[in-house]
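Below is one structure, written out as structure tokens; comments come after it.
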């Protein structure tokens with residue numbers, strides 16, 4: 001159940017069709033959609049240059065949807081498109097699925113997105129965070145060296161006791 005709306009009651013193919021037209025889809029008709037669509041289309045141009053690649057955003061007006069259900073919706077809609085990344089945004093939650101981004105990149109980018117009340121600004125933040133994620137190899141290497149050092153010290157100490 002998506003808030004007051006059942007996931008199956010959403011027109012998944014209609015949302016995918018809207019995404020195919022210009023990368024933006026709305027779950028309901030609203031007089032403000034045209035203004036928001038213009039802003040989101042401009043933001044998607046910026047996101048396309050990030051590792052997220054060709055992206056689309058679905059805007060739902062319902063609040064209270066668990067992230068897992070939003071992720072399922074994003075997966076279902078993405079399966080009907082040729083987009084690299086699909087983002088679902090509601091007033092209180094967001095979810096994204098991507099062929100290009102790791103789960104860690106998606107999670108970090110989603111946090112940036114939901115932190116912005118302006119949907120277009122949040123979409124740009126999503127792209128920036130997705131592009132800014134990098135595995136901290138220096139920290140990984142230091143941790144591996146410390147583990148090896150501790151193992152060596154413990155091994156030498158137990159050998160001396162024996």
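Residue numbers (the working numbering): 1 to 162.
The beta carbon of each residue, even a glycine, is placed where N, CA and C say it ideally should be.
**Asked** The beta strand (DSSP E) spanning residue 98 covers which residue range?
**Response** 94-98 is the extent of the beta strand (DSSP E) around residue 98.
**Request:** Pick out whichever of 156, 58, 71, 39 has its Cα sitting closest to the Cα of residue 124.
**Result:** Nearest of 156, 58, 71, 39 to residue 124, Cα basis: 39.
**Per-residue DSSP class, three states only, for residue 37** = Assigned with DSSP and collapsed to three states, residue 37 falls in helix.
**Message:** By the three-class DSSP mapping on this structure, what secondary structure does residue 30 have?
**Reply:** Under the three-state reduction of DSSP, residue 30 is assigned to coil, being neither helix nor strand.
**Message:** So within the region 83-133, which uninterrupted beta strand (DSSP E) runs reach at least 3 residues, ignoring any that extend past its ends?
**Reply:** DSSP runs (the beta strand (DSSP E)) wholly in the region 83-133: 85-89, 94-98.
**Request:** Spell out the partners DSSP gives residue 153 in its beta bridges.
**Result:** Answer is none; residue 153 lacks a bridge partner.
**Asked** Is it true that the region 25-44 meets the region 55-63, where meeting means three or more beta-carbon pairs spaced less than 8 Å apart?
**Response** Taking 8 Å as the limit for Cβ pairs, the verdict is that the region 55-63 does touch the region 25-44.
**Prompt:** DSSP on residue 56, reduced to helix/strand/coil?
**Reply:** Secondary structure of residue 56 (DSSP, three-state): strand.
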